Every structure is written in C-alpha cells, then in structure tokens.
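S.K.: In my numbering, the protein residues as written are 1 to 438.
From the three backbone atoms N, C-alpha and C, an ideal C-beta is built for every residue, glycine too.
Note that the structure is a prediction, hence the values are computed from the model and not measured.
And the structure:
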C-alpha cells in the first residue's frame with residue numbers, strides 16, 4: 001500500500017492522496033535549478049536613452065510597426081546617420097509593436113527574453129556583426145544593446161522578430177512568421193587606430209566580433225587577439241563526453257576534417273575508437289558520444305560515466321558538450337533542461353571529476369527557425385542555462401567554453417551544425433582558454 005505524501009510544485013500544494021498508484025514526485029521537482037540570468041543593467045552607451053519617451057513618442061514611431069535604430073551619444077534619435085570613431089560603442093534600440101497574443105506560460109521562470117529577436121549589423125561591403133539584445137525591464141516592448149564597432153564603415157541593422165510572448169519556447173504550437181525590417185537610420189564609423197589586446201575568454205567574451213565576407217565564406221575578425229600558442233600539451237589524457245557537435249571538435253583536433261575547407265557534414269560516417277592520439281603524439285583523447293537528451297538519459301548517463309571512468313587512465317582535462325538534442329526536443333521546456341543539466345554537471349563535479357579541470361561547451365547557436373525545436377530564441381535560452389550553471393559553481397576548475405558567441409546564419413549547416421571553419425575556430429578558442437589557465 002502506497003504511503004501518503006505531499007510535495008510542492010510552482011508553490012501550489014498537491015492534495016494528499018491515498019491511491020494504489022505510483023505517486024513518486026517527478027525527478028525535476030527534486031533537482032535544483034541553476035540561477036536565472038542576472039538582471040539587465042543598462043550599459044553606459046544606453047544610459048542616456050529615455051526608453052519610456054521613445055516608446056510613447058509619435059513623431060518618429062506610430063506605435064504599431066516595429067523599429068530598429070542607432071541612438072546618438074546623447075541618447076536622442078535622429079533620422080540622419082549617427083557618427084562615431086572606430087573602437088567606440090553605440091546604443092542600438094528596438095521598439096516592438098503590440099503583442100499579438102498573450103502567452104499562457106508567462107508566469108514561469110525563463111532563461112531568455114520574452115521576444116525572440118535576431119539582429120545583425122551589416123556594412124556596405126557585407127561585413128556582419130551579430131548583436132544580442134536585452135529586454136528593458138520596465139518598458140518591455142523595448143530592447144537594446146551596447147555595440148562596440150572595431151571596424152570602420154557605414155552600417156545598417158537587419159532585424160527579424162521571430163516570436164513574441166515566449167512563443168519560441170513551444171514552436172510546435174506557433175507558426176513561424178518572422179517580421180523582418182531594416183534600421184531607421186545608419187551608422188558611420190570613422191577609422192581610428194586602435195591598440196590590439198589579447199582576448200580574455202575567462203572573464204570577457206568575443207561579442208561584437210565581425211565576420212568579413214571573403215568570396216563564398218566569412219572570415220572571423222574579433223576585436224581582440226586570439227593566442228596561436230599550443231597550450232594543451234601538458235594535458236596528456238583528455239576525457240570527452242558529448243554529442244555530435246563535440247565529436248566534430250574531436251575530428252578537427254585529429255585533422256580528420258580538411259583544414260582549408262568550409263564544409264558541412266564530414267562526421268556522420270567517421271568512427272572514433274578510443275584512445276585517440278593527437279597529431280603531436282603526446283596526448284590521448286578518450287571520447288564517448290552521449291546521444292539523446294539529458295532529460296531522458298540523466299540516470300543512465302550518470303551510471304555509464306561513473307563505470308566507464310573507472311576503466312580509463314586518470315584524466316588531466318575533461319571536456320563536456322551536451323544539450324543540443326535537448327534544444328531540438330520540441331516538447332521540452334527550457335526550465336526542464338535547466339534542472340537536469342545542472343544536476344548532471346553537479347554530479348560530474350562532486351562524484352566523478354572533483355579534482356580535474358572541466359571545460360563545458362555551450363549549445364549550438366541557431367539562426368532562424370529550423371526543424372523540430374530549433375530556433376533562435378530557444379538556442380539563446382539553452383546557452384544561458386549552461387552559462388549560469390557554470391557560473392553558479394564559482395570554481396576555477398569549472399570553465400565555460402562559450403562557442404555560442406560564434407553563431408552566424410551564413411555559417412550554419414542544414415543539419416544544425418556549424419561549418420568546418422567554425423569548428424576549427426571553436427578549437428582555437430579552447431586552446432586560448434587553456435593558455436589563460438597556465
């Protein structure tokens with residue numbers, strides 16, 4: 001006979017029941033969640049903007065159609081081109097029209113903004129700078145970003161509002177009808193010599209990096225210098241647990257993906273049989289592919305990793321890359337992924353790799369609406385979950401590998417991977433992180 005019980009979910013008490021059925025609480029109710037992204041702080045470049053006035057003014061905006069614009073240094077709007085010097089930051093603002101429908105899930109916690117908005121700054125030569133917008137806490141139909149332009153030129157904004165009111169969380173219930181528009185004004189960035197500093201990937205980011213069009217491909221142009229040193233050689237034994245995206249990183253490390261190519265695929269047919277010896281002949285990788293979702297496989301993965309680890313040489317470095325299958329799971333809520341992923345990471349840190357450095361890769365950046373649950377809004381939320389999970393450990397041995405920052409629609413493959421050029425760049429980021437750890 002099943003015992004009586006009570007437990008809490010969403011602050012509502014479930015009544016005591018006495019039924020001869022399985023009344024075990026769902027596992028997600030027993031797991032802890034990572035913290036939500038920190039509250040939005042208005043960046044310096046946007047502090048002079050009166051968003052309430054901007055949204056209510058009817059001289060420049062009718063209140064219905066969505067608008068994107070560059071703001072002047074004094075926070076005012078002008079239809080004329082905004083001008084500044086190379087290396088300076090400008091405030092970008094977006095005003096959205098009325099919400100077509102209210103979300104039924106708005107009271108829940110969210111790891112991404114209410115509206116899914118893709119934005120890219122584009123110059124006259126085709127150079128592109130992806131921009132991540134933040135939602136204004138009080139003026140909720142307003143979004144903004146402080147963008148540092150490290151390259152001169154004349155720029156405009158290309159914006160696509162994909163979903164409103166958290167509809168990006170459940171794309172199977174909502175049609176994909178993006179609203180695309182260009183900025184109301186332009187930005188002229190005057191050339192000015194800038195000092196080049198080394199990237200700080202432990203405390204900083206590669207946001208505001210540019211992608212310069214070169215023939216059929218785009219060359220990566222970060223605002224800082226990535227180290228070309230090989231700093232991984234001291235890690236003789238590397239354990240890698242992850243999905244096909246991490247497998248592509250491994251294939252690139254082994255030079256099994258052509259170095260001078262810009263291609264998609266190349267991984268489905270290739271098998272990885274551990275141990276794998278890197279080209280320098282001094283390091284070995286033990287790669288184990290984790291398929292399916294962490295929500296579905298958490299218990300099985302814990303048991304598998306714990307048992308498999310006992311059979312392997314002791315790791316000097318651990319690389320983790322999961323979550324992309326969860327991202328594409330059309331019926332999965334991001335908050336569900338959050339508790340399972342955080343539990344998985346906690347288990348690895350406390351029970352398996354308590355003394356080793358673990359580097360955690362973010363999920364894939366998705367541009368536009370692709371198959372299943374893949375869309376821009378969900379990809380931003382899932383990357384945020386991984387970021388906040390890593391930060392919550394506050395541990396110098398749990399490191400973020402934020403490859404999400406390298407997302408660009410033009411580099412996206414139809415099979416939800418990035419092309420081989422981006423995979424090589426991800427590995428270069430990893431090498432840079434290892435150099436910073438020395």
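I need the DSSP call for residue 188, collapsed to helix, strand or coil.
M.R.: Numbered from 1 along the chain shown, position 188 holds the residue referred to as residue 188. Residue 188 falls in the strand class under three-state DSSP.
S.K.: Fully enclosed by the segment 335-370, which beta strand (DSSP E) runs are 3 residues long or longer?
M.R.: 357-361, all fully within the segment 335-370.
S.K.: Taking the alpha-carbon positions, what's the residue 41 to residue 322 distance?
M.R.: Position 41 of the chain shown, counted from the first residue, corresponds to residue 41. Position 322 of the chain shown, counted from the first residue, corresponds to residue 322. One C-alpha to the other measures close to 30 Å.
S.K.: Pull the bridge partners of residue 86 from the DSSP assignment, please.
M.R.: Reading the chain shown from its first residue, position 86 is the one you call residue 86. Note: residue 86 sits in no beta bridge, so no partner.
S.K.: Might you give, ordered along the chain, the residues of its own chain that have their beta carbon closer than 7 Å to the beta carbon of residue 302, omitting 5 neighbours on each side?
M.R.: Working through the chain shown from its first residue, we reach residue 302 at position 302. Excluding sequence neighbours, residue 302 sits near 347.
S.K.: For residue 113, collect the residues of the same chain with a Cβ closer than 6 Å to its Cβ; drop the 5 residues on either side in sequence, then sort them by chain order.
M.R.: The residue given as residue 113 occupies position 113 in the chain shown. Counting only Cβ-Cβ distances below 6 Å, and skipping sequence neighbours, we find 135.
S.K.: Closest by CA to residue 319, which one among 434, 144, 154, 216?
M.R.: Taking the chain shown and counting its residues from 1, one reaches residue 319 at position 319. For the residues 434, 144, 154, 216, the minimum Cα distance to residue 319 belongs to 434.
S.K.: Identify which residue in 187, 92, 111 has its Cα closest to the Cα of residue 145.
M.R.: The residue you call residue 145 lines up with position 145 of the chain shown. That would be 92, whose Cα lies nearest to the Cα of residue 145.
S.K.: If you draw a straight line from the C-alpha of residue 437 to the C-alpha of residue 426, how long is it?
M.R.: Counted from its first residue, the chain shown places residue 437 at position 437. Counted from its first residue, the chain shown places residue 426 at position 426. Answer to the nearest angstrom: the Cα atoms are 17 Å apart.
S.K.: For residue 180, which beta-bridge partners are listed by DSSP?
M.R.: Here the question's residue 180 lines up with position 180 in the chain shown. The partner list for residue 180 (beta bridge, DSSP) reads 160.
S.K.: Buried or exposed: where does residue 99 fall if 16 or more other Cβ atoms within 10 Å of its Cβ makes it buried?
M.R.: To locate residue 99, count along the chain shown from 1; it is residue 99. Counting Cβ neighbours within 10 Å, residue 99 comes out exposed, since fewer than 16 surround it.
S.K.: Helix or strand or just coil, what does DSSP make of residue 68?
M.R.: The residue given as residue 68 occupies position 68 in the chain shown. Three-state DSSP puts residue 68 in a strand.
S.K.: Exposed or buried, what is residue 300 when buried is set at 16 or more other beta-carbons lying within 10 Å of its beta-carbon?
M.R.: What you label residue 300 is simply residue 300 of the chain shown in a count that begins at 1. Per the 10 Å Cβ criterion, exposed.
S.K.: Using three-state DSSP, classify residue 41 as helix, strand or coil.
M.R.: Position 41 of the chain shown, counted from the first residue, corresponds to residue 41. Residue state, collapsed to three classes: coil.
S.K.: Closest to residue 213 by CA distance: which of 357, 408, 424 is it?
M.R.: Reading the chain shown from its first residue, position 213 is the one you call residue 213. The candidate whose alpha carbon is nearest that of residue 213 is 408.
S.K.: Any chance you could list the beta strand (DSSP E) runs of at least 3 consecutive residues sitting entirely within the segment 242-305, in chain order?
M.R.: DSSP runs (the beta strand (DSSP E)) wholly in the segment 242-305: 284-289.
S.K.: Under 9 Å between the Cβ atoms of residue 165 and residue 94?
M.R.: Mapped onto the chain shown, residue 165 falls at position 165. Mapped onto the chain shown, residue 94 falls at position 94. In this structure, residue 94 does not lie closer than 9 Å to residue 165 by Cβ.
S.K.: Looking at residue 177: is its Cβ nearer than 9 Å to the Cβ of residue 122?
M.R.: On the chain shown, position 177 is the one that residue 177 refers to. On the chain shown, position 122 is the one that residue 122 refers to. Contact: no.
S.K.: Apart from the five residues on each side of it in sequence, which residues of its chain come closer than 6 Å, Cβ to Cβ, to residue 180?
M.R.: One-based indexing of the chain shown puts residue 180 at position 180. Once the five neighbours on either side are set aside, the close Cβ partners of residue 180 are 160.
S.K.: Excluding the 5 residues flanking residue 110 on each side, which residues of the same chain have their C-beta closer than 8 Å to its C-beta?
M.R.: As a first step, residue 110 must be located in the chain shown, where it is residue number 110. Around residue 110: 36, 166, 169, 334, 335, 381.
S.K.: Can you give me the start and stop residues for the beta strand (DSSP E) that residue 318 sits inside?
M.R.: Taking the first residue of the chain shown as position 1, residue 318 is located at position 318. First-last of the beta strand (DSSP E) with residue 318: 317-321.
S.K.: When the Cα of residue 384 is compared with those of 370, 402, 372, which residue comes out closest?
M.R.: Within the chain shown, numbered from 1, the residue matching residue 384 stands at position 384. Nearest option by C-alpha distance: 402.
S.K.: Taking a contact to mean a Cβ-Cβ separation below 9 Å, would you say residue 207 touches residue 294 in this structure?
M.R.: Taking the first residue of the chain shown as 1, we reach residue 207 at position 207. Taking the first residue of the chain shown as 1, we reach residue 294 at position 294. Not closer than 9 Å, so no.
S.K.: Following the continuous beta strand (DSSP E) through residue 219, name the residue where it begins and the one where it ends.
M.R.: As a working note, residue 219 is residue 219 in the chain shown. First-last of the beta strand (DSSP E) with residue 219: 217-221.
S.K.: In the structure shown, what three-state DSSP assignment does residue 81 receive?
M.R.: Numbered from 1 along the chain shown, position 81 holds the residue referred to as residue 81. Coil at residue 81, not helix or strand.
S.K.: Using 8 Å as the threshold, is the segment 389-403 in touch with the segment 337-355, meaning 3 or more CB pairs across them?
M.R.: Verdict: yes, contact present.
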